[in-house]
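Going down the list, the protein sequences come from chains A and B. First residue of the first sequence: 1, per this note's numbering; consecutive thereafter. First residue of the second sequence: 220, per this note's numbering; consecutive thereafter. Yeah, the Cβ is synthetic: ideal placement off N, Cα and C, and Gly gets one too. It should be emphasised that the depicted structure is a prediction, and the values quoted were computed from it without experimental measurement. Here is the structure we will look at, set down as C-alpha cells.
There are 2 protein chains.
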Amino acid sequence: MNLTVAEENYIKSIYKLQDGQAVVSTNAIAYELDTKPASVTDMAKKLKEKKLIDYEKYQGISLTAEGKRIALQIVRRHRLWECFLVEKLSFSWNEVHEIAEELEHVRSEKLINRLSEFLGNPTTDPHGDPIPDAQGKFSKTKQLISLDKATARRLEVAGVADQSSALLEFLNAKGIRLGTQIDVIERYEFDNSVEIKIRNQPAFTISEQVSKNIMVKTL
Amino acid sequence: MNLTVAEENYIKSIYKLQDGQAVVSTNAIAYELDTKPASVTDMAKKLKEKKLIDYEKYQGISLTAEGKRIALQIVRRHRLWECFLVEKLSFSWNEVHEIAEELEHVRSEKLINRLSEFLGNPTTDPHGDPIPDAQGKFSKTKQLISLDKATARRLEVAGVADQSSALLEFLNAKGIRLGTQIDVIERYEFDNSVEIKIRNQPAFTISEQVSKNIMVKTL
DNA sequence: AATATAATTTAGACAAATCTAAATAATATT
DNA sequence: AATATTATTTAGATTTGTCTAAATTATATT
Ligand SMILES: [Mn+2]
Ligand SMILES: [Mn+2]
Ligand SMILES: [Mn+2]
Ligand SMILES: [Mn+2]
C-alpha cells in the first residue's frame with residue numbers, strides 16, 4: 001500500500017476527528033485540512049477504492065481496520081519526531097508541530113524504530129499525547145481530565161487539549177509545562193476562572209478557556 | 220522561492236553532474252533521476268522561468284548563482300541527515316542514501332542548523348563528502364585522490380567515489396571504512412590490481428575497479 | 001556532401017490534487 | 001407540509017509532473 005503525502009494527511013485527520021464518533025463529516029475534514037469539501041469528496045472516493053475508509057455518499061466517513069492501522073503508524077512517526085525535536089534539538093513544544101507534519105511522511109520502518117530506540121522508546125510526546133508502539137498499541141496510562149473538571153487540590157500537568165502555538169506560548173510564559181505541579185487555590189463560580197499556584201511562585205488566575213485545555217492527572 | 224520536491228531533486232542532480240563541466244545534458248539528468256529526457260526538457264523550462272538555471276534549447280543546462288545556492292542547501296541537508304542516521308541511529312553507510320533523499324526535502328533552516336549543531340557541525344558525511352555550512356561554504360580539506368593513482372605507501376581512506384550499495388557492502392566486508400589506514404604492498408601492472416594490508420589482518424588484493432573508487436589522503 | 005545515428009524537443013495524453021460554481025440531498029424552521 | 005438553510009456531491013477546470021510517439025536538430029560516419 002503506497003500512499004501519497006496527501007492521502008496520509010487525510011487518513012491522519014480522519015483518525016483524529018473520528019475519536020469515539022461513528023463517522024466523520026466531509027466539512028469537518030475540509031476544515032481540519034484547510035481545504036474545500038469538494039476536495040474531500042474526491043479524496044474519499046480514492047480512499048474508499050483503496051479500502052482505507054468506509055464511505056457511502058452523504059453518509060459520512062470512517063476508517064477501516066487497515067486505515068486505522070496506517071493512521072496509527074503516521075501518528076507514531078509524527079509524535080516520535082516531535083520528541084526528537086524537543087529532546088535532542090531543544091525546540092520548544094510550540095515549534096515542533098509543523099516540522100513533524102513533514103517528517104512524518106518519510107516512510108522507513110527501520111528509521112522510525114531506530115529513532116524510537118534512540119529516544120528511549122517514549123510513550124508520550126511533548127504535548128502529552130500517547131505514542132503507539134510499532135504494533136499500533138498504546139501503553140495504558142492514567143486517564144487525564146481537564147483542569148476545569150478536576151476536583152483534587154494538587155494536580156500534575158500531563159497534556160494540552162488545544163495545541164495552538166497561542167496557547168502553548170501562553171503556558172510557556174506562565175511557567176506551565178508537562179510535569180508541572182499545580183495547587184488549586186480557588187475556583188470562581190462567576191466566570192469559572194481558577195486561581196492556581198506553582199511551587200514558589202505567587203498564585204495567579206487563569207480563565208476557563210485556559211483551564212479547559214490543560215489536561216491533568218492526580219498524583 | 221518555494222520549490223517542490225521534484226524541483227529540488229532536479230537542482231541537486233544538476234549540481235552534482237555539473238562539477239567542473241560548463242553544462243549538463245538533458246540525457247545525463249534523465250539518467251541520473253531515472254526519468255525520461257522529455258520530462259527533463261519540461262522541467263528545464265520551469266526552472267529557467269524561476270531563474271535557477273541557464274538554458275537555451277539544445278545548448279545544455281547549468282545552474283545560475285541562485286540555483287547553486289539552493290543546491291548547496293539541499294546537499295547540506297542531505298549530508299547532515301546521513302550523518303545523523305549513521306552516528307545517532309547506527310545505520311550503515313550503505314543504508315542512508317535513500318532515507319536522506321527524502322529527509323533532505325524537509326525545509327526548515329532552524330531544523331537543519333540545530334541538527335548540525337547536535338551533530339557537532341560535521342564537515343564530511345559518512346561517505347567522505349564535504350558538508351557546506353549554512354552559508355554554502357566548504358571548509359578547506361586535503362585534496363583526495365583515488366587509491367589507484369596514489370603513490371605513497373601508507374594511506375588513509377577518506378571517501379568513496381561510487382556510492383552504490385554494492386561497493387559499500389563490499390568495503391564493509393573487507394573491513395574498509397572511512398579512517399581505515401591502508402598499506403600498499405604491491406601494484407600489479409597486468410590488471411592494475413593492488414595488494415593492500417590493513418592493521419593486523421593478512422594482506423589481500425583488490426581490483427582496479429575497486430581501487431579507482433576508494434578515495435585516499437596521505438597521512 | 002550525403003546519410004546514419006544520437007540527442008533533444010514538441011505534441012498530446014494522463015494521473016494526482018486541488019479549485020469554483022452549480023446541482024442535489026439532508027436537515028431545520030416556520 | 002412547505003420552505004429555508006446547510007451539507008455534500010458533481011461537473012468542469014487548473015497545476016504539476018510525468019509519459020509515449022513523432023518531429024526536429026546536432027553530431028558522426030561514410
Ligand atoms: Mn503531514
Ligand atoms: Mn504532539
Ligand atoms: Mn530527494
Ligand atoms: Mn553521502
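Exercise. Less than 8 Å separating the beta-carbons of B:Ile417 and B:Gly398?
Worked result: no
Exercise. Terminal residues of the continuous beta strand (DSSP E) containing A:Arg187?
Worked result: 181-188
For this session: Say yes only if the C-beta of A:His105 is nearer than 7 Å to one or more non-hydrogen atoms of ligand 6, and no if none qualify.
Result: Among the ligands present in this structure, namely ligand 1, ligand 2, ligand 3 and ligand 4, ligand 6 is not found.
Problem set entry | Cα-Cα separation between B:Tyr274 and B:Lys264, rounded to whole angstroms | 8 Å
Problem set entry | chain B contact residues for A:Glu102, given Cβ-Cβ distances below 9 Å | His324, Val325, Arg326, Ser327
For this session: Have a look at A:Val255 and A:Asp34 and give me their C-alpha separation to the nearest angstrom.
Result: Limits of chain A in this structure are 1 at one end and 219 at the other, which puts residue 255 of chain A out of reach.
Exercise. Span of the beta strand (DSSP E) holding B:Tyr274?
Worked result: 272-274
Problem set entry | Proximity to B:Glu306 [Cα-Cα], best of A:Val5, A:Tyr58, A:Leu115 | A:Leu115
For this session: Give the DSSP-derived three-state secondary structure of A:Ala65 in the structure shown.
Result: helix
Problem set entry | is_contact[B:Phe423, chain A] using C-beta, thresh 8 Å | no
For this session: Kindly list, in the order they appear in chain A, the residues whose Cβ is closer than 8 Å to that of B:Ile318.
Result: Val106, Ser108, Leu111
Exercise. How about A:Phe118 and B:Leu308: are their beta carbons less than 8 Å apart?
Worked result: yes
For this session: Check whether the Cβ of A:Glu95 sits closer than 7 Å to any heavy atom of ligand 1, and report yes or no.
Result: no
Exercise. Between which two residues does the alpha helix (DSSP H) harbouring A:Ile214 extend?
Worked result: Premise fails: A:Ile214 lies in the beta strand (DSSP E), 214-218, not in any alpha helix (DSSP H).
Exercise. Comparing the CB of B:Glu320 with every heavy atom of ligand 3, is any distance shorter than 7 Å?
Worked result: yes
Problem set entry | DSSP beta-bridge partners of B:Leu299 | B:Leu299 pairs with nothing; no bridge assigned.
For this session: Could you tell me if the beta carbon of B:Asp410 falls within a distance shorter than 7 Å of some heavy atom in ligand 4?
Result: no
For this session: State the Cα-Cα distance for the pair B:Arg298 and A:Ser164, rounded to the nearest angstrom.
Result: 33 Å
For this session: For B:Leu390, I'd like the list of residues in its chain whose CB is within less than 6 Å of its CB, leaving aside the five on either flank, ordered along the chain.
Result: none
Exercise. Mind pulling the chain A residues with CB within less than 8 Å of B:Arg396?
Worked result: By Cβ distance, chain A contributes nothing, its closest Cβ being about 20 Å from B:Arg396, past 8 Å.
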